[in-house]
Amino acid sequence: MYVTAKNAKRKPPLRLMRDALRRWRWRWQWRQQRRRYSLAAEWWQFHGVSIVLKLTMSSKRTSSKSMTSKPASAKTSSRPLKKHEETEKLEWTLTLPMPKKYKVSKRTNNLAKPIRRDVAHLTKPFPTEIPAGVLKHRASKRILELSEPKHVADPFPLNVKANPFVVSPGALKYKASKRTKELAEAREYVSNHTRNDPFGISPAALIAKPKQRTIELAKPKNIKFLPSIF
Numbered sequence: 001m002y003v004t005a006k007n008a009k010r011k012p013p014l015r016l017m018r019d020a021l022r023r024w025r026w027r028w029q030w031r032q033q034r035r036r037y038s039l040a041a042e043w044w045q046f047h048g049v050s051i052v053l054k055l056t057m058s059s060k061r062t063s064s065k066s067m068t069s070k071p072a073s074a075k076t077s078s079r080p081l082k083k084h085e086e087t088e089k090l091e092w093t094l095t096l097p098m099p100k101k102y103k104v105s106k107r108t109n110n111l112a113k114p115i116r117r118d119v120a121h122l123t124k125p126f127p128t129e130i131p132a133g134v135l136k137h138r139a140s141k142r143i144l145e146l147s148e149p150k151h152v153a154d155p156f157p158l159n160v161k162a163n164p165f166v167v168s169p170g171a172l173k174y175k176a177s178k179r180t181k182e183l184a185e186a187r188e189y190v191s192n193h194t195r196n197d198p199f200g201i202s203p204a205a206l207i208a209k210p211k212q213r214t215i216e217l218a219k220p221k222n223i224k225f226l227p228s229i230f
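Below is the structure:
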């Protein structure tokens, strides 16, 4: 069958799609089963020996007890007791064999020896001797002032004046010069802005002749509204 444009656009039949899905499912199941087998083999490799030993020991104990003890009743024999076996802890073993004979170097032997100090060796220095003249010395007034620590200014002083804005008597008796009096006088502020009529129109705007288009745009729009609402 020749491949044409019509045949290329056709979808594969349902039978082929089902076969492909079955093959994929079989492969997935086979992979899952193979993984389970590998995990079971690894578990048996690590824990199988301990389980076999426990089973053999338990069988020996039961056989010895059955010879001496009485037969169990029907109630206890029908339901065996469940015992949760604890996992056996594996002993730690060295991965690499350690050397039996190891030769210590000369440097290691020297460092291992304890430090032996002489009796004359002092761990602490001698106390400094103060001469007798220094003990009898009397400090001057200036040295005593310098020896006192600096006091930081208190951010909240208590001796606040009742009226801090009181003018001193010296300022009241002061005679100001002519120039100081001139500078102390307030300057007259002349404002050109017409504050009494802020919406006043300039005379040039009153003389101007607008165009017909400007007059049309200046007219308000006729908006239709329901008078009952208002």
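Its first residue numbered 1, the sequence shown is counted upward by one per residue in the UniProt record's numbering.
C-beta atoms are modelled at their ideal positions from N, C-alpha and C, and glycine is treated no differently.
G170 sits in a helix when the DSSP states are folded into three classes. A distance below 8 Å between beta-carbons, with the five flanking residues on each side excluded, links A176 to the following residues of its chain, in chain order: A184.
Annotation: L206 to A218 spans about 15 Å, alpha carbon to alpha carbon. Shown here for V166: not one same chain residue has a beta carbon closer than 8 Å to its own, the five before and five after excluded. Looking at the backbone, the Cα of N110 and that of K124 are separated by about 27 Å. Per DSSP, the continuous alpha helix (DSSP H) segment holding S147 begins and ends at K141 to S147. Under the DSSP assignment, P210 falls outside any alpha helix (DSSP H); it carries neither an H nor an E label.
Collapsing the DSSP output to three states places A204 in a helix.
In the DSSP assignment, N110 falls within the unbroken alpha helix (DSSP H) covering K106 to A112. Annotation for E182: the continuous alpha helix (DSSP H) segment containing it runs K178 to A184. Annotated three-state conformation of S38 is helix, per DSSP. D19 sits in a helix when the DSSP states are folded into three classes.
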